[in-house]
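Protein chains in written order, with the working numbering: chain A, 1 to 175; chain B, 176 to 976.
Built from N, CA and C at the ideal position, the CB exists for glycine as well.
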Amino acid sequence: MRATRRKGENPVRIKLSVNGIEHPLEVEPRTTLLDCLRDHLGLKGAHAGCEHGVCGACTVLFDGVAVRACLMFAPQAEGTPITTIEGVTPAPGELSPIQDAFVETHGMQCGYCTPAMILAAHALLADNPSPTREEIVEAISGNLCRCTGYAQIVEAIALAADRMRGANRPSGQRK
Amino acid sequence: MSTPHQFRFVATDRRVREDRRFVAGKGKFVADIDLPNMRHVALVTCPHAAAHIRAIDKSAALKMPGVHYVLDGAELAGATLPLMTGLDTPKVPRRPLAFETARYSGEWVVAVVADTRAQAEDAAEAVEIDYEPLPFVLDAERALEKNSPLVHEAHGSNVLLDKTFVWGAVEDDFKASPRKLSLRVKWGRSSTVPIETFGVVASWDPWREILDVYASIQMPRYADQIGIALKLPTSSVRVHYDVDVGGSYGVKRGIKHTVLCGYLARRLGFPVRLIEDRLENMRGGDAHGPERLFDVDVAFDHDGIVRSMKMRALENLGAYAGRSPFQLGKPIGSIVGPYKIKSVEYRAIAVVTNKTTQDAVRGFGQAPTNLALERCMDEIANVLGLDPLEVRRRNLIRHEEFPYLIPSGTLYDSGNYETVIAKVLADTNYDDLKKERDRLRGEGKLAGIGIAACLEPSGGNATFEALLNPQITTSTFMDSCRINIDGVGAITATMHTTSSGQGHETLVGTVIGEVLQVDPDRVRVVRPDSLNSLPSGTPVGSRMAIMLGGAAFHAAEKLKTKLTTIGAQDLGIPLERAVYDHGDVYDRQAPSNRRSWADLVTIAHRNYHRMPEGFEPGLAAEHIYQVPTGGTLPTPDGRVQMYPCFSFEFHLLLVSIDPDLGRPEIVRYRLGHDCGTQINPKIVRGMTMGGIAHGIGAALYEEFAYNDDGQMIAQTFMDYLLPSSHEVPPVDIVDHETPSPHTVFGQKGSGESGYLGAPAALANAINDAIRSLGISANTLPIKVAQLGDMIADARGRKAAE
């Protein structure tokens, strides 16, 4: 019953650098980066929402920049460091300051868009440790959330920024 | 019932325990479930609005790589029963795959199973289907006409429901009223569109005869419906509730998906998975919301006091029924909103058309009804030259009038609407807001103030079913909780449904912690599968704080009583002298005479000789909670106690429209919200803000638009626009707590808050803004392009005058 594979389905060998680890992989060339992360590497924190580049639920960091993993083929990601939500979680059971801030403000409900939101926040705060509300709104405007109306997400990112700035101040000077 | 300040954990600002797994990307969503040998389903859909299926050629698809099976509607219809529907309409059967006739563009016709999703999708393209296109109807009013094409010929018409209720002396009240007004309002076809699409994995074990189902589900009687359709004993369907659902807000019903996958899993002998892509989610997934045309007549006096209302609601159901017609029924339970309208005539008509099938959407028909009522209140103010806020104030039910019986038979539990409004206005001076509007107008903007005052019926009863279909005699909509204190003293509670972001584990932990006076974080909350579960009505109808909270409360109370009784017996004192104190029990007359939690656990689990006579060993309790005020059926004249609790929300906003662009900008948004005691304020606020965002979408952006050929043209997130962070303004929420007398902590529901009034408030603001041009906007969504054209035309006409 099995027919021969069609052109385009012949697997190719690639190497992906994900969360600091090199992964040699064999994938169909048409495999998206999102499917590759989820199905080949078992990194389920990136989620499929629309698979046409609008909702942002599949966001990962591509050399530190928030990109949509559904719009890129896995072979195109070769040679660039990729960070997923699993890569920003410090240790099992431990949260990063941004993750903790999202919990503190309850910047989520169903949790489906959340890893992507947190990665978008990581990308923002890496470049801009003191974002204004408008800058936060802009930074997450490519990530749709249907549950929250964004208010507690914006607050989470502002809180994380505040805490992370505070962490770098000498003790006694935290506001 | 207690007052808020007496609580230790309830109504305090505590973290939501579910959040930790989500921020780490460790939620367990259905697409994360990989079963060994799992295969994937892709669907072939009908390209016509209506068509006979003449022939299906599967041969090319079956030769494709990785393909295992190609299933058509004839085989499935022969092996399964039609899906359960709410109305008594046997000639309108609904099945997962079209059988002989397809009735909307996008309806599933064939399912292909292959090793990978990509292979299944490739093969789906190779299935050849010969269709004979049929006449079709898209518009609800056209569907009512005698010569309309019939969506289901055997049914004989397109009307599935046409029921008129008259509560009170409507004709007399109309005759006696000096002023009348008629308004036509349309709620456009949109939905909740969660970011996670619906998905299901089904796996059949022929040796145990169990169908395991993992699904992103939010559906009452889900396991029952699957079992019945698949002709399996329902005890052979095991639905796993420990699956995180990536948003639902009503629509994740998925019966047809699950029957399809369940059948395939049994037929093929391996697990089968169907995850909707975005197009399937928005089209063939049957998850559209109401599309409703209202014709409202109101009778009132010169002071704006509304005496009577006639409302005709015409619902465009799409091709099949499901539960969706009931969305015309729930609003009966608050048909007069927060107002003292003495008599009401309500005609509910539901027709089938050749559009996608609907399912339940946040509010279950309440948001459209609120839109119609609140638009009327503004128009009454307009024709009388009164202020719209003042007109509402004159009609509001007063605090001292509760409990308040409305004409359709529901007794509202409690409310303090005038105080909520006063609190909002204490911070946003209404006159200042009007000055700001007038200042914007002076700058050449079209600016308007929008108000909506409305109710959120909560607690979820199902009596609208019996009201619209007398064959149904359901008078309960229960929920349940079971608690076990194990032999070492750890507490584990079970809840018996999935959640889609509502924080139910936090709810259960908080309630049990409150009752047993232990840190809620010590209470483990788990979700067994459906075969290990007590009955649950699932998180619909804004009910879980009331119903699951109530069940957890009573189960915990039973345990507390048991612990106290054990302690009293062991201390050798009468029960009245025993005091339960953070898990210990002591003698009121000699407080040092006490038994610790560990002592009590030891007695219950190991020292049966020390137990009170007749007690079961161990420390377990369960409670199945009946809906407060439930238990009655409608009267013959169509009156019924619908839901037990009624939350209130008051929206006040200012919109500014650049007349050249037509884009409404929300300049100010303030909300007064009263849902009684808030068990977790973070959760309530999030739900309310999310509801407002969803309401902004329904009012301004989101529509499943169809072209004249019957094709749904909003097929992606580039055509169906969900509000992003840019479209949702900051909202000031002012809380007030009027406890419900019917619930254990005074809580009411909040799962639909915000959404129930935001569209009405926005529509009112836009109409206030454009009224000076002599135009009105009563069809939602009021899209930027259409509003811009309307404004341009009106200005053109004015310039020509």
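Chain A contact for residue i (CB, 8 Å cutoff)
i             : result
residue 463/B : no
residue 925/B : no
residue 847/B : no
residue 191/B : yes
residue 888/B : no
residue 722/B : no
residue 897/B : yes
residue 195/B : yes
residue 368/B : yes
residue 446/B : no
residue 429/B : no
Residue range of the unbroken alpha helix (DSSP H) whose run includes residue i
i             : result
residue 481/B : Careful: residue 481/B lies outside any alpha helix (DSSP H), inside the beta strand (DSSP E) at 481–491.
residue 971/B : 959–975
residue 123/A : 114–127
residue 869/B : 856–871
residue 378/B : Counting along the chain, residue 378/B falls outside any alpha helix (DSSP H), though it belongs to the beta strand (DSSP E) covering 374–380.
Any C-beta of chain B under 8 Å from that of residue i
i             : result
residue 102/A : yes
residue 65/A  : no
residue 12/A  : no
residue 68/A  : no
residue 36/A  : no
residue 51/A  : yes
residue 108/A : yes
residue 130/A : no
residue 146/A : yes
residue 58/A  : no
residue 165/A : no
C-alpha gap between residue i and residue j, whole angstroms
i             : j             : result
residue 116/A : residue 22/A  : 22 Å
residue 30/A  : residue 73/A  : 6 Å
residue 538/B : residue 64/A  : 41 Å
residue 412/B : residue 699/B : 26 Å
residue 786/B : residue 770/B : 13 Å
residue 34/A  : residue 42/A  : 11 Å
residue 121/A : residue 127/A : 10 Å
residue 596/B : residue 910/B : 10 Å
residue 167/A : residue 99/A  : 15 Å
residue 288/B : residue 246/B : 8 Å
residue 753/B : residue 792/B : 20 Å
residue 223/A : residue 19/A  : In the structure as shown, chain A starts at 1 and stops at 175, and residue 223/A therefore has no counterpart that could be examined.
residue 14/A  : residue 76/A  : 9 Å
residue 498/B : residue 262/B : 8 Å
residue 817/B : residue 806/B : 10 Å
Outcome for residue i when other beta-carbon atoms lying within 10 angstroms are tallied against a minimum of 16
i              : result
residue 79/A   : exposed
residue 1014/B : Missing from the structure shown is residue 1014/B; chain B here goes from 176 to 976 and no further.
residue 156/A  : buried
residue 11/A   : exposed
residue 1059/B : An answer regarding residue 1059/B cannot be provided, because it is not within the stretch 176 to 976 covered by chain B.
residue 382/B  : exposed
residue 275/B  : exposed
residue 310/B  : exposed
Span of the beta strand (DSSP E) around residue i
i             : result
residue 456/B : No beta strand (DSSP E) contains residue 456/B, which is instead part of the alpha helix (DSSP H) from 453–457.
residue 507/B : First-last for residue 507/B: undefined, no H or E at that position.
residue 243/B : 242–247
residue 800/B : 794–800
residue 544/B : No beta strand (DSSP E) holds residue 544/B; the alpha helix (DSSP H) holding it covers 541–559.
residue 806/B : Looking at the DSSP string, residue 806/B is not in any beta strand (DSSP E), and its letter there is neither H nor E.
residue 17/A  : 12–18
One or two residues paired with residue i in a DSSP bridge
i             : result
residue 415/B : 389/B, 704/B
residue 101/A : Answer is none; residue 101/A lacks a bridge partner.
residue 139/A : Residue 139/A is not bridged to any residue.
residue 945/B : For residue 945/B, which the question treats as bridged, DSSP gives no partner whatsoever.
residue 333/B : The partner list for residue 333/B (beta bridge, DSSP) is empty, contrary to what the question assumes.
residue 820/B : 633/B
Heavy atom of the ligand NAP within 7 Å of residue i beta-carbon
i             : result
residue 669/B : Although the ligand NAP was asked about, the structure shown includes no ligands whatsoever.
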